[in-house]
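Here the working numbering is used: the first residue of the sequence shown is 2, the next is one more, and so on.
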Amino acid sequence: MKFDSIIIGGGVAGLSCAIRCAEAGLKTAVIAAGQSALHFSSGSVDVLSRLPNGENVGAPFSAFADLKKQSPSHPYSKLGELQCREAINWYQDVMADCGVYLTAQPDEMNHYRVTPMGTFRSTWLSQQTVHQFPHHQLAQGLAEIALVTVDGFRDFQPQLAADNLAKLSAFESVKIKTAAVELPDFDNMQRNPCEFRSIDISRVLRDETKLHAFAKSMIQQVGKADLVVLPAIFGNGDGAATIKLLEGLTGFKICELPTMPPSLLGIRLEEAMKSHYKRLGGLLLAGDEVRKGEFSNGRLMKIFTRNHEDIPLVADHFLLASGSFFSKGLSAQRHAVSEPIFGLDMAQSAHRDHWYQPQFFTPQSHPFMKMGVECNNRLNPTINQQVISNLYCAGAILAHYDPVQEGSGSGVAISTGYFVAQQMITAHQQQQTDTQPKQERTTA
Ligand SMILES: Cc1cc2nc3c(=O)[nH]c(=O)nc-3n(C[C@H](O)[C@H](O)[C@H](O)COP(=O)(O)OP(=O)(O)OC[C@H]3O[C@@H](n4cnc5c(N)ncnc54)[C@H](O)[C@@H]3O)c2cc1C
2 MKFDSIIIGG GVAGLSCAIR CAEAGLKTAV IAAGQSALHF SSGSVDVLSR
52 LPNGENVGAP FSAFADLKKQ SPSHPYSKLG ELQCREAINW YQDVMADCGV
102 YLTAQPDEMN HYRVTPMGTF RSTWLSQQTV HQFPHHQLAQ GLAEIALVTV
152 DGFRDFQPQL AADNLAKLSA FESVKIKTAA VELPDFDNMQ RNPCEFRSID
202 ISRVLRDETK LHAFAKSMIQ QVGKADLVVL PAIFGNGDGA ATIKLLEGLT
252 GFKICELPTM PPSLLGIRLE EAMKSHYKRL GGLLLAGDEV RKGEFSNGRL
302 MKIFTRNHED IPLVADHFLL ASGSFFSKGL SAQRHAVSEP IFGLDMAQSA
352 HRDHWYQPQF FTPQSHPFMK MGVECNNRLN PTINQQVISN LYCAGAILAH
402 YDPVQEGSGS GVAISTGYFV AQQMITAHQQ QQTDTQPKQE RTTA
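Take a look at the structure:
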């Protein structure tokens, strides 16, 4: 099977690259072994919330110059501010086409989103159903809020969140109340506590009669509130529409917060991207796994997968976006970290004692978080120092950044995926021009 571009990995980085390639008409295939990190994510897009030296960042794009000084090898430093902005704006447009509206604050500042613990995380883009708490005035416009859960749901404990919120000076004069609303059919669902997860609840609330009963119970229990915060328990594809419906039924302004995995806010992004990619004509080989590749003259010629066994998949360009340790894109042995498919050259500390900070909770980055594949400025990796010119890397597999400490996970994944796609598209167009008969070119 021959493609223009093959993408290994179905997370934000791989799918961003795949969508951009498919938009430009490249014959594209994505191979995704399993779930991506989106199933565990908040569904908000972090761009940059902290510099490597620990300094907090209010306006992420304005901090790119400082980031480059502190970390010249950072993926953002390789791409530059303009490329990253272009990529994030493009992603916003693509998601809006899919009905998922991701917005930032108009003043170019990060905003805060509330976590299930009642703490705040800084981020750049959030979905339309997530309340954006402004950096400068967290509780702006809020006199009374209600933290509401479904009675018996274990993945969000409103009292815990309320206690933590109440400790913040910004919430001193805000009345915080909690409620646990009964869900119709709860008894039938509780055969096993593990089954009562956000995704199970979303199936029940898809039924309009049950949603009406839920709304009625909510009105009775909450009374009055400027904002009602619910855990993300509304469907993947139709979640935002269900919340709109619930707002109409109750008269409340409702927002969601991400729960423990499965995180419906993250899954919503992944499903939207996959559907969009398939609508553009892209091929998705879900559940297959790339095992090895064959190289010649500094180029990756073909790859082999578990399901296709000895039938090779051939392409002009390849992207490796197989994630970090979490998704098995990186693998740790006792004294080394490696990239398991191709054995690409890595950036890593020599001795295991230097892989982590002595304290787990520390403002500094744990060095192992910055380990990954070493790439040049075009994001080509090397094997034994030889550049592989038609293979690129994007997302969490890249070295020299820490998505957790910096709050930069999806931002790096989207911008590097998009950056690679742009290079693939340019090379493809160039190749087409070169192979066009000379006479045709002159006439054109
Ligand atoms: C728990 C958690 C929560 C996070 N929350 C946030 C958040 O709220 N906001 C934010 O901006 N960022 C967040 N991040 C960071 C961000 O989600 C990641 O940095 C980003 O999603 C990485 O995307 P990726 O595409 O590079 O990798 P991944 O999402 O890890 O995807 C890798 C893909 O490659 C596939 N794969 C691996 N090996 C193979 C193989 N051999 N063959 C085929 N496929 C393969 C995997 O199955 C998977 O589909 C979070 C990360 C984690 C781990």
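Think of the CB as a built atom: it goes at the ideal place given N, C-alpha and C, for glycine as much as any other residue.
Model, not experiment: these values are computed from the prediction.
Grouping DSSP H, G and I as helix and E and B as strand, with all else coil, what is residue i?
i                 : result
tyrosine 393      : strand
phenylalanine 452 : This structure cannot settle anything about residue 452, because the visible part of the chain is limited to 2 through 445.
serine 474        : Absent from the structure is residue 474, since the part of the chain shown begins at 2 and ends at 445.
glycine 59        : coil
glycine 344       : coil
leucine 143       : coil
threonine 363     : coil
serine 416        : helix
histidine 355     : helix
glycine 373       : strand
isoleucine 398    : helix
arginine 207      : coil
phenylalanine 319 : strand
methionine 219    : helix
proline 368       : helix
proline 382       : strand
isoleucine 304    : strand
isoleucine 426    : helix
glutamine 432     : helix
phenylalanine 339 : One point to set straight first is that residue 339 is serine, not phenylalanine, in the sequence displayed. DSSP places serine 339 in strand when its eight states are reduced to three.
valine 421        : helix
valine 230        : strand
glutamine 71      : helix
proline 76        : helix
proline 313       : coil
threonine 130     : coil
proline 404       : helix
valine 438        : One detail in the question is off: residue 438 reads as proline in this sequence, not valine. Coil at proline 438, not helix or strand.
glutamine 138     : coil
lysine 176        : strand
leucine 166       : helix
glutamine 349     : coil
glutamine 84      : helix
leucine 148       : strand
Give me the residue from the options with the minimum Cα distance to residue i.
i                : options                        : result
histidine 136    : His40, Ser50, Gly55, Ser411    : Ser50
alanine 171      : Leu139, Phe134, Arg155         : Leu139
lysine 79        : Pro117, Ser416, Arg280, Phe253 : Ser416
phenylalanine 65 : Tyr77, Gly55, Gly59, Asn54     : Tyr77
arginine 114     : Ala33, Asn378, Thr260          : Thr260
glutamate 407    : Lys371, Phe134, Glu340         : Lys371
alanine 180      : Val149, Thr210, Asp346         : Val149
glycine 10       : Ala322, His40, His429, His352  : Ala322
threonine 120    : Ala25, Leu258, Ala414, Gly81   : Leu258
valine 151       : Leu231, Asp67, Arg379          : Leu231
leucine 206      : Val223, Ala241, Phe134         : Ala241
glycine 299      : Gly288, Asn385, Ala226         : Asn385
histidine 112    : Ala60, Leu246, Asn381          : Ala60
glutamate 272    : Leu161, Asp164, Gly12, Ala167  : Gly12
threonine 251    : His213, Thr427, Pro341         : His213
glutamine 222    : Leu184, Glu82, Cys18           : Leu184
aspartate 227    : Leu143, Asp98, Gly418, Ile244  : Leu143
glutamine 71     : Gly81, Leu301, Asn54           : Asn54
leucine 286      : Ala23, Gly26, Ala33            : Ala33
asparagine 308   : Ala395, Arg379, Arg292         : Arg292
Contact defined as beta carbons within less than 8 Å: I believe residue i pairs with residue j. What is the distance between those atoms, to the nearest angstrom?
i                 : j                 : result
glycine 373       : leucine 392       : Between leucine 392 and glycine 373 the Cβ distance is about 15 Å, and since that is not below 8 Å, they are no contact.
valine 182        : phenylalanine 215 : 6 Å
aspartate 156     : arginine 198      : 7 Å
valine 405        : leucine 270       : Contact doesn't hold; Cβ gap of about 19 Å is too wide.
phenylalanine 253 : isoleucine 202    : Not confirmed; about 18 Å, so no contact.
glycine 330       : alanine 422       : In fact, because the Cβ distance is near 18 Å, the residues do not count as touching under 8 Å.
glycine 410       : histidine 40      : That pair is no contact at about 14 Å.
glutamine 358     : histidine 367     : 5 Å
histidine 429     : isoleucine 20     : Their Cβ separation, rounded to whole angstroms, is 15 Å, which puts histidine 429 and isoleucine 20 out of contact at 8 Å.
tryptophan 125    : aspartate 47      : 6 Å
tyrosine 92       : serine 17         : 6 Å
tyrosine 402      : alanine 88        : With 8 Å as the limit, tyrosine 402 and alanine 88 do not qualify as a contact, their Cβ atoms being about 15 Å apart.
Please confirm if residue i has its CB atom under 8 Å from at least one CB of chain B.
i          : result
glycine 59 : Although the question refers to chain B, the structure presented lacks it and comprises just one protein chain.
Mind checking whether the beta-carbon of residue i lies closer than 7 Å to any heavy atom of ligand 2?
i         : result
valine 13 : Annotation note on ligand 2: not contained in the displayed structure, which lists ligand 1 as its ligands.
What are the start and end residues of each continuous beta strand (DSSP E) run of 3 or more residues lying completely inside the region 92 to 126, in chain order?
-> 112 to 115, 121 to 124
Where are the alpha helix (DSSP H) runs, 4 residues long or more, that stay fully inside the region 247 to 300, in chain order?
-> 265 to 280
Any alpha helix (DSSP H) of 4 or more consecutive residues that is wholly inside the region 2 to 56 | 13 to 24
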